[in-house]
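Right, one structure below, let's go through it.
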Amino acid sequence: MKIQSEFYRQTIRLAVPITLQSVFMALLQLTDQLMVGRLGEETIAAVGIGGRLYYILSVVLVSIGTGVSVFAAQYWGKKDTRSMGRLLGLGLTLGLSFAALFFAAVFFAPGPFVRLFTNDPAVAAIGASYAKLAALSYLPTMLTLLYSAILRSAGIVRVPMLVNIAAVLVNALLNYLLIFGPGLFPALGVEGSALATVIARYLEAGALIAFVYLRKLPGAYRPKELLGFNRELALPFLRVAYPLLLTELLWVLGETAYAVIYGRLGTAALTAMTLSGPIQLLGIGLMTGLSGAAGVMIGNLLGAGEAEQAMRAARRFSKLAFGGALLLGLAIALLSPFYVAAYDLSETAARQSVAVLLVFSLFFCVKVTNMVVSGGILNSGGDSKYVFRMEAGVVWTVGVPLGAVAAFVWHLPVHWVYFLLSVEELFRMFFGLRRMRSRRWMNNLTEGASGAGTQNLGQSFG
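Numbering (full-length UniProt numbering) for the sequence shown: 1 to 462.
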């Protein structure tokens, strides 16, 4: 009973700040969309497209951050802070490379990317304008994600949460001032929304890094400590990180293919999917703390060699995920008509928006279970190659083919297309839970980094 009480106490301590940070981010997107929604359906669809390009990069950066966090959590459990500094340096090098590449592509040529998602010239023009300005936020986003990953791996979750909440509030205020232009402020419309995001991202990254160095927190390393190359650390990290990166790249390409399918169904369908975005983000955000807590707590246990405790924690986290999401999904279904009513939409767009949210609520408990099992539990033991095969295989053999057939052969409405695309989540849950029960994901990654070879802790128990 004492062990169980400690588990829930530590889960709450880690999960609540992560959840609050995610919820505030979702509320920011919701506020943005409500403001932009006053500019018309075309603008809603355009901002959804522009945000999609940012989303692709953020998923790549999150995968790098996850790789850093997986190793850092185990190094922290082993009290090896020196390796954490070198690990952060590797993450920053990779993150900067991708951020610079995406920035150059989107800032200098946004048009071709935007036109992939829509045939509507007006939507494409607005989306390109938004995406070009939003590209300026890529660098600070990378810095924030990686420094937050290091802090969370050490169990420090309040600092990134508080900095993020402050940035969200600044962003919301700047959105109002720069979109509508009250008083002396210019009314910049959709470009004002993008500019507000850029300013808030730079303030967030600057404040977080300043706090890390002023308080001497994990991450406050000198340039020499960040740049010191260590082959024994780099190779195990890359062996775990590259499948994570490939997983997220193939997954986000699959999600992008879904967005292209929605865009080809018409502006009303694209608007419906865009409107569902903040609610999906809010719902996932309310449960994302479980995934973050699972990654940190189980990673610490594996790094300390406590395999049986790690397995018990994995079972508890998977049950919490499914049960909590089941209740939250019901609430989303009940409240979705009231949310859609807040927008000035055509009858078709409103009806499709409610239907899409009902489909999301139906699959919500499955989505959250997959997030916790794959993103938190399996990755905490460095089982990224299996996660890569599972995620990529399901998206490209089930999701994309079903979506394409539903949209272009059967010509179904957007909510039925979304329903069939979501069937892939059921396959992912089956394979993920089966892998978790096998214990083959339970690796002590710090043994590999010290030259002794990665130790599989599940062998003695499975």
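Note that the Cβ used here is the ideal one computed from N, Cα and C, for glycine as well.
Classification of residue i by the beta-carbon crowding that lies within 10 angstroms, buried from 16 upward
| i | result |
| --- | --- |
| D383 | buried |
| E42 | buried |
| G183 | exposed |
| G403 | buried |
| I12 | exposed |
| P112 | exposed |
| K367 | buried |
| L173 | exposed |
| E347 | exposed |
| P223 | exposed |
| A187 | exposed |
| R434 | exposed |
| P121 | exposed |
| S438 | exposed |
| N300 | buried |
| A109 | exposed |
| Y258 | buried |
| V409 | exposed |
| N171 | buried |
| A100 | exposed |
| A392 | buried |
| R52 | buried |
| L327 | exposed |
Sequence-distant residues of its chain with Cβ nearer than 6 Å to residue i (five each side left out)
| i | result |
| --- | --- |
| I64 | G91, L94, G95 |
| S22 | G285, T288 |
| L54 | The displayed chain sequence assigns Tyr, not Leu, to residue 54. A134. |
| F24 | I165, V168 |
| E306 | none |
| V340 | A350, S353, V354 |
| G48 | T274 |
Proximity below 8 Å, CB of residue i to CB of residue j
| i | j | result |
| --- | --- | --- |
| A407 | I261 | yes |
| M390 | G324 | no |
| G381 | M442 | yes |
| L39 | V190 | yes |
| D32 | N164 | no |
| G192 | G127 | no |
| T256 | I44 | no |
| T267 | F322 | no |
| V372 | V59 | no |
| L195 | L177 | no |
| S98 | L57 | The sequence given here places Phe at residue 98; Ser does not occur at that position. Yes, the pair counts as a contact, with Cβ atoms nearer than the cut-off. |
| R115 | A124 | yes |
| L345 | V157 | no |
| L227 | V159 | no |
| S69 | G295 | yes |
7 Å Cβ shell around residue i - same chain, five flanking residues per side excluded
| i | result |
| --- | --- |
| Y221 | G85, L88 |
| S422 | V359, F363 |
| A272 | A349, Q352, S353, V356, V414 |
| I209 | L143, Y147 |
| A269 | Y262, Q352, V414 |
| Q280 | F360 |
| G219 | L88, Y147, I150, L151, V212 |
| Y418 | V356, V359 |
| V398 | V423, E424, F427 |
| A26 | P278, L281, L282, G285 |
| W416 | A406 |
| F237 | G67, F71, L87, L90 |
| F107 | K132, A135 |
| L420 | L402, G403, A406 |
8 Å CB neighbourhood of residue i in its chain, flanking five on each side removed
| i | result |
| --- | --- |
| Q10 | A293, M297 |
| L330 | S361 |
| L34 | A342, Y343 |
| W396 | L250, G254 |
| S276 | S353, V356, L357, F360 |
Chain E within 8 Å of residue i, Cβ atoms only
| i | result |
| --- | --- |
| T197 | Given the protein chain composition of this structure (a single chain), no chain E is represented. |
(request) Report yes or no: do three or more beta-carbon pairs, one from the region 285 to 298 and one from the region 13 to 27, lie closer than 8 Å? (result) yes
(message) With three or more beta-carbon pairs closer than 8 Å as the criterion, would you say the region 201 to 215 touches the region 141 to 155?
(response) yes
(message) Whether or not the region 122 to 136 and the region 65 to 79 are in contact is what I'm after, with contact meaning three or more pairs of Cβ atoms, one per stretch, closer than 8 Å; do they touch?
(response) no
(message) Taking contact to mean 3 or more Cβ pairs, one atom from each stretch, closer than 8 Å, check whether the region 345 to 353 and the region 309 to 317 are in contact.
(response) no
(message) Pairs of beta-carbons, one from the region 246 to 253 and one from the region 50 to 68, closer than 8 Å: are there three or more?
(response) yes
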